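See below for the structure under consideration.
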Amino acid sequence: MAHYQAMGSIPPKRHTQHRRPGADGAPGELYYEELMGEEGFSSDSSLLYHRNIPSTTVASAVWELPDQSTTPNHPLTPRHLKLHDLFDADAVERADVVTGRRLVLGNGDVRLSYIVAARPSPWYRNGIGDECVYVERGAARVETVFGAFDVAEGDYVVIPRATTHRWLPVVDAEQPLRAYCIEANSHIAPPKRYLSTYGQLLEHAPYCERDLRVPQGPLLAEDVGADPDERTDVLIKHRGSGPGGLAGTVHTLPFHPLDVVGWDGCLYPYVLNVRDFEPITGRVHQPPPVHQVFEGWNFVVCNFVPRKVDYHPLSIPVPYYHSNVDSDEIMFYVDGDYEARKGSGIGKGSVSVHPGGHPHGPQPGATEGSIGAEFFDELAVMVDTFRPLELGEGGTAVDDGAYAMSWARTAGKDVGASGAAGGAGGADDGGA
């Protein structure tokens with residue numbers, strides 16, 4: 001995000017001496033400057049000033065990652081995955097956002113996981129790529145070396161590669177923290193068409209810099225009640241020879257990781273709430289790029305939010321049938337009225353998998369039933385990938401095994417105008 005920020009204590013000029021206060025006003029020891037930058041010094045970066053040498057470790061061990069194995073979607077078929085069946089109450093009490101994730105779908109570019117968690121996570125750093133975590137329900141505090149966020153329902157938390165952080169859920173038995181995790185093997189950023197040559201979000205973009213929440217920081221160990229000299233384990237996900245080309249390591253630091261007294265630059269975590277995304281509508285059905293919110297290498301992220309729909313006098317608000325010739329389409333249903341999917345089993349907490357090469361669209365009857373609708377009350381997050389996705393152990397565990405037949409089961413039956421007009425059937429097929 002090329003949107004300059006400066007926080008805490010930094011020197012007037014970069015790469016110059018920056019010292020901590022000494023006795024009697026004399027200059028003290030140097031702070032340690034760290035450049036955190038992308039693409040080999042050729043893209044966005046930030047400078048962080050540490051109390052300790054950031055390279056320091058006193059021990060390392062293997063971190064056995066959650067199951068990252070995948071199974072091809074073969075024979076090719078659309079699928080319905082019921083994510084709310086992945087965690088029972090006992091599992092939630094034992095789970096944290098980092099180690100408890102269950103892999104739903106993945107390929108060499110992106111992994112989609114789901115977690116329902118009640119426990120604080122360990123300190124964690126993803127050395128593979130950026131993460132975009134969507135908070136479906138509940139709330140949490142996210143502490144990072146850049147500062148902290150308080151996050152809640154509807155927040156996208158975008159965390160750059162190699163950012164040390166942890167998740168502290170707000171304990172609520174009635175509304176536990178539910179999160180949909182998009183892990184890239186690349187960077188995640190706003191679509192290039194939304195940005196000026198120099199990185200400003202343009203007038204036609206559906207959100208702007210005012211909508212972004214930056215870290216509350218800097219955040220130091222003593223601010224969270226910790227001893228600055230406390231030995232701390234940091235879990236690192238990195239390249240390796242395990243499933244998906246991944247491996248895990250635990251580094252032990254001889255100090256607490258919250259030791260950054262100040263930072264500045266254009267690379268840092270940020271939060272965007274889905275309610276601040278302004279939908280783009282038209283006289284006739286709009287294609288999925290108008291719903292795009294982020295992009296990574298070989299995938300895009302879109303969201304379908306409550307909105308007015310097509311106003312041509314002969315418009316058909318739900319999408320036409322379409323073949324994803326170049327991509328797999330993955331829709332996560334968060335909220336809204338899904339009666340237009342009657343007979344398919346789709347509901348809140350569902351993920352539909354529409355693989356490349358398979359034509360899909362509304363359930364029979366939904367097209368006719370949507371005519372006259374003026375508003376869709378729906379909330380969904382879609383990830384389109386340009387390489388085939390395979391099923392993770394989590395996706396395999398909650399595949400309903402019947403979704404592919406849903407068009408045949410409902411063919412010729414009237415799903416009812418009230419259901420189709422609810423509009424969330426449009427979200428299932430993404431307007432995509």
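Here the sequence shown is numbered in the UniProt record's numbering, starting from 1 and rising by one per residue.
Cβ coordinates follow ideal geometry from the N, Cα and C atoms, glycine included.
Since we're looking at a predicted model, the values are computed, not measured.
Reduced DSSP category for residue i - H, G, I as helix; E, B as strand; rest coil
i: residue 123; result: strand
i: residue 194; result: helix
i: residue 147; result: strand
i: residue 57; result: coil
i: residue 33; result: strand
i: residue 214; result: coil
i: residue 84; result: helix
i: residue 108; result: coil
i: residue 209; result: helix
i: residue 434; result: Nothing about residue 434 can be read from this structure; the chain reaches only from 1 to 432.
i: residue 247; result: strand
i: residue 93; result: helix
i: residue 13; result: coil
i: residue 229; result: coil
i: residue 337; result: coil
i: residue 189; result: strand
i: residue 224; result: helix
i: residue 408; result: helix
Rounded C-alpha distance that separates residue i from residue j
i: residue 435; j: residue 12; result: Given that the chain is displayed from residue 1 to residue 432, the structure contains no residue 435 and the question cannot be resolved.
i: residue 288; j: residue 331; result: 12 Å
i: residue 140; j: residue 62; result: 28 Å
i: residue 380; j: residue 167; result: 23 Å
i: residue 295; j: residue 181; result: 14 Å
i: residue 450; j: residue 248; result: Since the displayed the chain opens at 1 and closes at 432, residue 450 lies outside it and no answer follows.
i: residue 364; j: residue 318; result: 12 Å
i: residue 144; j: residue 165; result: 4 Å
i: residue 16; j: residue 46; result: 15 Å
i: residue 189; j: residue 269; result: 11 Å
i: residue 5; j: residue 266; result: 6 Å
i: residue 298; j: residue 30; result: 42 Å
i: residue 50; j: residue 131; result: 24 Å
i: residue 333; j: residue 349; result: 6 Å
i: residue 304; j: residue 225; result: 40 Å
i: residue 138; j: residue 155; result: 10 Å
i: residue 461; j: residue 355; result: Outside the displayed range of the chain (1 to 432) lies residue 461, so it cannot be described from this structure.
i: residue 314; j: residue 369; result: 13 Å
i: residue 105; j: residue 170; result: 27 Å
i: residue 175; j: residue 147; result: 26 Å
i: residue 339; j: residue 351; result: Residue placement at residue 339 is poorly supported in this model, since its pLDDT is 46, which falls under 50; the coordinates are not used for a value here.
i: residue 307; j: residue 373; result: 11 Å
i: residue 157; j: residue 89; result: 25 Å
i: residue 93; j: residue 293; result: 32 Å
i: residue 42; j: residue 58; result: 32 Å
i: residue 56; j: residue 230; result: 13 Å
i: residue 198; j: residue 209; result: 14 Å
Rounded Cβ spacing between residue i and residue j (contact assumed at less than 8 Å)
i: residue 218; j: residue 8; result: 4 Å
i: residue 87; j: residue 116; result: 4 Å
i: residue 335; j: residue 276; result: Wrong, their Cβ atoms sit about 16 Å apart, outside the cutoff.
i: residue 220; j: residue 253; result: So it is not a contact: roughly 15 Å between Cβ atoms.
i: residue 320; j: residue 361; result: 6 Å
i: residue 400; j: residue 347; result: So it is not a contact: roughly 11 Å between Cβ atoms.
i: residue 444; j: residue 207; result: Residue 444 is absent from the model: the chain starts at 1 and stops at 432.
i: residue 385; j: residue 327; result: 6 Å
i: residue 309; j: residue 375; result: 6 Å
i: residue 404; j: residue 78; result: 5 Å
i: residue 246; j: residue 128; result: 7 Å
i: residue 262; j: residue 185; result: Contact flag wrong, Cβ pair sits at about 31 Å.
i: residue 103; j: residue 66; result: 7 Å
i: residue 183; j: residue 110; result: 7 Å
i: residue 114; j: residue 235; result: That belief does not hold up - the Cβ atoms of residue 114 and residue 235 are roughly 19 Å apart, past 8 Å.
i: residue 149; j: residue 213; result: 7 Å
i: residue 69; j: residue 393; result: 7 Å
DSSP bridge partner residues for residue i (one or two, in chain order)
i: residue 437; result: Residue 437 lies beyond the residue range present for the chain, which begins at 1 and ends at 432; the question has no answer from this structure.
i: residue 294; result: 301
i: residue 375; result: 308
i: residue 260; result: 50
i: residue 318; result: Paired residues: none, contrary to the question.
i: residue 27; result: 21
i: residue 169; result: 140
i: residue 237; result: 126 and 248
i: residue 354; result: 329
i: residue 134; result: 156 and 180
i: residue 273; result: 155
i: residue 466; result: Nothing about residue 466 can be reported from this structure: the residues present for the chain run from 1 to 432 only.
i: residue 5; result: 265
request  = Identify every run of the beta strand (DSSP E) within the region 360-406, keeping only runs that are complete inside it and at least 3 residues long; order them along the chain.
outcome  = Here the runs fully enclosed are 378-385 and 390-392.
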